[in-house]
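Engineer: In this note's numbering, the protein residues as written are 141 to 247.
The C-beta atom is built at its ideal place from N, Cα and C for all residues, glycine as well.
The model shown is predicted, which means the values in this text are computed figures rather than measured ones.
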Amino acid sequence: EESRTAALLQKMRTGGATQFTIEQALKTMTIEGAKALGMDDQIGSLEVGKQADFLIIQPKGKVHLYPEEKMLSHLIYAVKGNDVKDVYIAGEQVVKDGQVLTMDVVM
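1) Just to confirm the assignment: which complete beta strand (DSSP E) runs, minimum length 3, are found wholly within the stretch 163–206?
2) What first and last residue would you give for the beta strand (DSSP E) that runs through lysine 225?
3) So if DSSP puts serine 236 in a beta bridge, which residue, or which two residues, is it bridged to?
4) Please classify alanine 230 as buried or exposed, where buried requires at least 16 neighbouring CB atoms within 10 angstroms.
5) Can you grab the Cα-Cα spacing for the pair leucine 241 / glutamate 232, in whole Å?
6) Express the C-alpha separation of aspartate 226 and methionine 179 in angstroms, rounding to a whole number.
7) Could you tell me the alpha carbon to alpha carbon distance between glutamate 163 and leucine 215, rounded to whole angstroms?
8) Quick check on glycine 238: buried or exposed, where buried means 16 or more other Cβ atoms within 10 Å of its Cβ?
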C-alpha cells in the first residue's frame, strides 16, 4: 500500500505516468531507497553479499494480476497480502505457501 501511494504521489508531482515510469517507481523503492539510507552496499538489490529480502507472488487464478506481462505494474498497484506465496528475509524462508514458518501458534 505504501509503495502504491508513493508512486501515485510522485506521478502527481511530476505530471503523470509518462514522467514517472513504473520502472522508476521500483528503482526508487529499492536501490535508490537504500542509497538514501546509506545502505546500498547491504540492501536495495539482489546481489551476492547483500541481504536477500524478497517475496514470491502467485498470479494464477488472480484476475487483478492479469495480464502477467504487466506484473511490475501489478506489484506496485494491485498486489494484496493474500497474493504473497513465499517470503524470504536475509535469504531465509519465513513464509511458505502463505503460512508463517517462524512463529509458534499457541491455542
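Structural biologist: Checking against the coordinates, here is how it stands:
1) 194–197
2) Residue 225 sits at position 85 when you count from the first residue of the sequence shown. Its beta strand (DSSP E) spans residues 224–229.
3) Taking the first residue of the sequence shown as position 1, residue 236 is located at position 96. The amino acid occupying residue 236 in the given sequence is lysine; serine does not appear at that position. Looking at the DSSP assignment, lysine 236 forms a beta bridge with Gln239.
4) Mapped onto the sequence shown, residue 230 falls at position 90. By the 10 Å Cβ count, alanine 230 comes out exposed.
5) Working through the sequence shown from its first residue, we reach residue 241 at position 101. Working through the sequence shown from its first residue, we reach residue 232 at position 92. If you take the alpha carbons of leucine 241 and glutamate 232, they lie about 10 Å apart.
6) For this step, residue 179 is matched to residue 39 along the sequence shown. For this step, residue 226 is matched to residue 86 along the sequence shown. Cα to Cα, methionine 179 sits roughly 25 Å from aspartate 226.
7) Residue numbering aside, residue 163 sits at position 23 when the sequence shown is read from its first letter. Residue numbering aside, residue 215 sits at position 75 when the sequence shown is read from its first letter. About 11 Å.
8) Here residue 238 is taken as the residue at index 98 of the sequence shown, counted from 1. Looking at its Cβ environment, which holds fewer than 16 other Cβ atoms inside 10 Å, glycine 238 is exposed.
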